[in-house]
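Numbering-wise, my numbering puts 66 at position 71 of the sequence shown, and it's gapless, one number per residue. We put the CB at the ideal spot given by N, CA and C, even for glycine. In what follows, a structure is listed as structure tokens, so that the remarks can point back to it.
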Amino acid sequence: MAKTLEIKGPIVVVALLVLTGIVGSLFIALGPKATERAPGVVHIGVRYANEMSLAFNQYGKDGPGATIELIAPDGTVSYKLENLKIGRNLMPLQDMADGPYTARLSAPGYHPREIPIVVDGRMINPPKGVQFEKGTHADYNMLGVRFEVAEPKQVAEPQL
């Protein structure tokens, strides 16, 4: 009969704990260095208030295509990304000067949303102590918005 290698249970448990400790230590030691070298990626979540309605079907499964613009304090558009789909979108963040910006998200037929952010290196953060309007959210490298339907513009009828 062939002899097989049998490892006792306590030895397996100790080996798994040691390997977990080694891998965890590597993540702690190398994690910040990896984010410093890799280009920043901002996660942008896009939802629509009426996306479950029949009228929304005109846009297809991706929605009407939202746009994000990063507006500098002087009013210039520093970055623009178009065709954001429903759900999570990824936006590369590089070659941006550090400082405060306003992230303006818009979609045709919906009210635009503005979120104050601070660019720091290849990361964005919300400013400290800012209250966000209903339907917007900002966190470390993450923006979220829920668009509300814009009211159709009323055309004044001519007076006779």
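Checklist entry - With 16 other CB atoms within 10 Å as the buried threshold, where does residue 33 fall? => result On the sequence shown, residue 33 is found 38 positions in, with the first residue counted as 1. With a pLDDT of 48 at residue 33, under the threshold of 50, the modelled position of this residue cannot be trusted, and the question is left open.
Checklist entry - What is the DSSP secondary structure of residue 133, counted as helix, strand or coil? => result Numbered from its first residue, the sequence shown carries residue 133 at position 138. Reduced to three states, the DSSP call for residue 133 is strand.
Checklist entry - Straight-line CA distance for residue 24 to residue 13? => result Sequence index remark: in the sequence shown, residue 24 carries index 29 (1-based). Sequence index remark: in the sequence shown, residue 13 carries index 18 (1-based). For residue 24 and residue 13, the distance between alpha carbons rounds to 16 Å.
Checklist entry - Taking the continuous beta strand (DSSP E) assigned at residue 96, which residues delimit it? => result Locating residue 96 in the sequence shown gives position 101, where the first residue counts as 1. It spans 94 to 101 - the beta strand (DSSP E) in which residue 96 sits, taken as one unbroken run.
Checklist entry - Do residue 157 and residue 105 have their C-beta atoms within less than 8 Å of each other? => result Only positions -4 to 155 of the chain appear in the structure, and residue 157 is not among them; the question remains open.
Item to check | DSSP three-state assignment for residue 59, whether helix, strand or coil | outcome: The residue labelled residue 59 in the question sits at position 64 within the sequence shown. Here residue 59 sits in coil by DSSP.
Checklist entry - Buried or exposed: where does residue 39 fall if 16 or more other Cβ atoms within 10 Å of its Cβ makes it buried? => result Counted from its first residue, the sequence shown places residue 39 at position 44. That one is buried.
Checklist entry - Which of the three DSSP states, helix, strand or coil, is assigned to residue 0? => result Sequence index remark: in the sequence shown, residue 0 carries index 5 (1-based). In this structure, residue 0 counts as coil in the three-state DSSP scheme.
Checklist entry - Are the stretch 51 to 60 and the stretch 72 to 92 in contact at 8 Å, needing three or more beta carbon pairs? => result yes
Item to check | Through-space distance from residue 76 to residue 136, alpha-carbon basis | outcome: Within the sequence shown, residue 136 is the residue found at index 141, counting from 1. Within the sequence shown, residue 76 is the residue found at index 81, counting from 1. Each residue's alpha carbon lies about 16 Å from the other.
Checklist entry - Under a Cβ-count criterion, where at least 16 other Cβ atoms within 10 Å of its own Cβ denotes burial, should residue 0 be classed as buried or exposed? => result Residue numbering aside, residue 0 sits at position 5 when the sequence shown is read from its first letter. Flag for residue 0 reads exposed.
Checklist entry - For residue 111 versus residue 97, is the C-beta spacing smaller than 8 Å? => result By 1-based counting over the sequence shown, the position of residue 111 is 116. By 1-based counting over the sequence shown, the position of residue 97 is 102. Yes, they are a contact pair.
Next on the checklist: Cutting at 7 Å between CB atoms, please list the residues of its own chain near residue 127, excluding the five before and the five after it.
Outcome noted: One-based indexing of the sequence shown puts residue 127 at position 132. These residues qualify, in order along the chain: 110 and 133.
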